[in-house]
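**Student:** To start, I am sharing the structure in question, which I have written as structure tokens.
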Amino acid sequence: MANGKQAVHFSAHESFRENSFKHVWSGDLDHVFADIASYYDSANNVASLGLFGWFRDTFLSTIELQPGYTVLDVCAGTNATGIALLKRQPDLKIIAIDRNKEMQNVGRQRAERRGLHIESVIDDVHKLPFPDNHFNLVTIQYASRHLRLLEVFSEIRRVLKPGGFFYHADMLRPRNRLIGKLQYGYLGMCLTFTAKIFGSGTQALDCREYFLDVLSNFYSAPELTELLQHLEFSNVTHKTLLGGLVGFHKAQKI
Ligand SMILES: C[S@@+](CC[C@H](N)C(=O)[O-])C[C@H]1O[C@@H](n2cnc3c(N)ncnc32)[C@H](O)[C@@H]1O
């Protein structure tokens, strides 16, 4: 797609996502994460029958580290990414940012139990409170669906040092409709099952529809690659699992 057309296409799609979901993004979603923080990690594993661990390990294996790197984990939640990276490379300086303090409290306790330190910033990620050209590496896992991507990805590019890398993981919209249908059926079942066994509150239960809708209006892996290229990231590559259901992108700021 030519650059001008791409700009129109992405800004139209992002406006559509924002108009469709802003009521959840600016309200209920934060209550849902506060509600589920204490069992978020176990629920993911139970509901995905262990697949989530495989998704995480595959994503983490794509991340290349150097000693002493300064890393920003965006929408860090319970610090799953930061903890795994520090286990691999203990001299990293990791900063986690997430607007949900309950998720970050669980994350801080998880890190402390392992003798690890991750600095925590509680804030919205649409404006990152960090200087330009600051981080060697930025990660984001399982959160992009809930964000205005043109803003967040531009901010991520701004805070990356030249030569730095952005690693992105999320569930994506598979290009094959049948795989999409299976995905939504499976996800709907997982959300109901998890809500039942972990006794989720009403807000989490009410958001089940949202979790399916937001995914069906998200990007496929090749579309996300184009979006990153459009925002002037270089050397963008991606890898997918399960027919494009989950995707891992790597992009560089030159
Ligand atoms: C599904 S969790 C993922 C957490 C973690 N990255 C992981 O892989 O387990 C999504 C996280 O994004 C955070 N989040 C969503 N919208 C946000 C926003 N606008 N600003 C900051 N954090 C946000 C939520 O609070 C939640 O902790």
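If you're matching positions, the sequence shown starts at 0 in numbering that gives the first Met the number 0 and goes up one per residue. Where is the CB? At the ideal position from N, CA and C, for every residue including glycine. Keep in mind it's a predicted model, so treat the numbers as computed, not measured.
(1) Are the region 235-246 and the region 160-171 touching, with three or more C-beta to C-beta distances below 8 Å?
(2) Where do the ends of the beta strand (DSSP E) carrying residue 161 lie?
(3) Using 8 Å as the threshold, is the C-beta distance between residue 96 and residue 131 below it?
(4) Pick helix, strand or coil for residue 232, following the three-state DSSP scheme.
(5) Ligand 1 heavy atoms versus the CB of residue 125: any closer than 7 Å?
(6) Identify the residues that DSSP records as bridge partners of residue 250: which are they?
(7) Please name the residue, chosen from 218, 61 and 193, that lies closest to residue 48 on a Cα-to-Cα basis.
(8) Select from 22, 241, 7 and 12 the residue whose C-alpha is nearest the C-alpha of residue 179.
(9) What do you reckon, is the C-beta of residue 206 under 7 Å from a heavy atom of ligand 1?
(10) Hey, could you find the ends of the alpha helix (DSSP H) residue 259 is sitting in?
(11) At a threshold of 7 Å, does residue 44 count as lining ligand 1 (C-beta to nearest heavy atom)?
(12) Looking only at C-alpha atoms, which of 111, 69 and 148 sits nearest to residue 225?
(13) Return the residue from the list 0, 127, 89 and 75 that minimises the CA-CA distance to residue 140.
(14) Who pairs with residue 255 in a beta bridge, going by DSSP?
(15) Quick one: Cα of residue 91 to Cα of residue 84, how far?
(16) Check this for me: beta carbons of residue 167 and residue 143, under 8 Å apart or not?
(17) Determine, using beta carbons only, whether residue 163 and residue 146 come nearer to each other than 8 Å.
(18) Ignore the nearest five residues each way along the sequence and tell me which others in residue 165's own chain have a CB closer than 6 Å to its CB.
(19) Taking one C-beta from the region 22-33 and one from the region 225-236 each time, how about it: are there three or more such pairs within less than 8 Å?
**Tutor:** The short version:
(1) yes
(2) In the sequence shown, the residue the question calls residue 161 occupies position 162. 159-170 is the extent of the beta strand (DSSP E) around residue 161.
(3) By 1-based counting over the sequence shown, the position of residue 96 is 97. By 1-based counting over the sequence shown, the position of residue 131 is 132. Not a contact, by the Cβ cut-off of 8 Å.
(4) For the purposes of this step, residue 232 is taken as the residue at position 233 of the sequence shown. Coil at residue 232, not helix or strand.
(5) Translated into the one-based positions of the sequence shown, residue 125 becomes position 126. Yes - ligand 1 has a heavy atom lying nearer than 7 Å to the Cβ of residue 125.
(6) The sequence position of residue 250 within the sequence shown is 251, counting from 1. Partner(s): 165.
(7) Indexing the sequence shown from 1 puts residue 48 at position 49. Nearest C-alpha to residue 48: 193.
(8) Taking the sequence shown and counting its residues from 1, one reaches residue 179 at position 180. Considering only alpha carbons, the answer is 241.
(9) In the sequence shown, counting from the first residue as 1, residue 206 sits at position 207. No, ligand 1 has no heavy atom inside 7 Å of this Cβ.
(10) Because the chain in this structure spans residues 0 to 253, residue 259 falls outside the shown range and cannot be described.
(11) Against the sequence shown, residue 44 aligns to sequence position 45. No; taking the cut-off as 7 Å, the Cβ of residue 44 has no heavy atom of ligand 1 nearer than that.
(12) For the purposes of this step, residue 225 is taken as the residue at position 226 of the sequence shown. Ranking the options by Cα distance to residue 225, first place goes to 148.
(13) As a position in the sequence shown, residue 140 is number 141, starting the count at 1. Considering only alpha carbons, the answer is 75.
(14) The chain is shown from 0 up to 253; residue 255 falls before or after that span and cannot be answered.
(15) Sequence index remark: in the sequence shown, residue 91 carries index 92 (1-based). Sequence index remark: in the sequence shown, residue 84 carries index 85 (1-based). Whole-angstrom Cα-Cα distance: 8 Å.
(16) The sequence position of residue 167 within the sequence shown is 168, counting from 1. The sequence position of residue 143 within the sequence shown is 144, counting from 1. Cβ atoms of residue 167 and residue 143: closer than 8 Å.
(17) Residue mapping note: residue 163 aligns to position 164 of the sequence shown, counting from 1. Residue mapping note: residue 146 aligns to position 147 of the sequence shown, counting from 1. Result no, Cβ atoms of residue 163 and residue 146 do not sit closer than 8 Å.
(18) As a first step, residue 165 must be located in the sequence shown, where it is residue number 166. Hits under 6 Å: 137, 155 and 250.
(19) no
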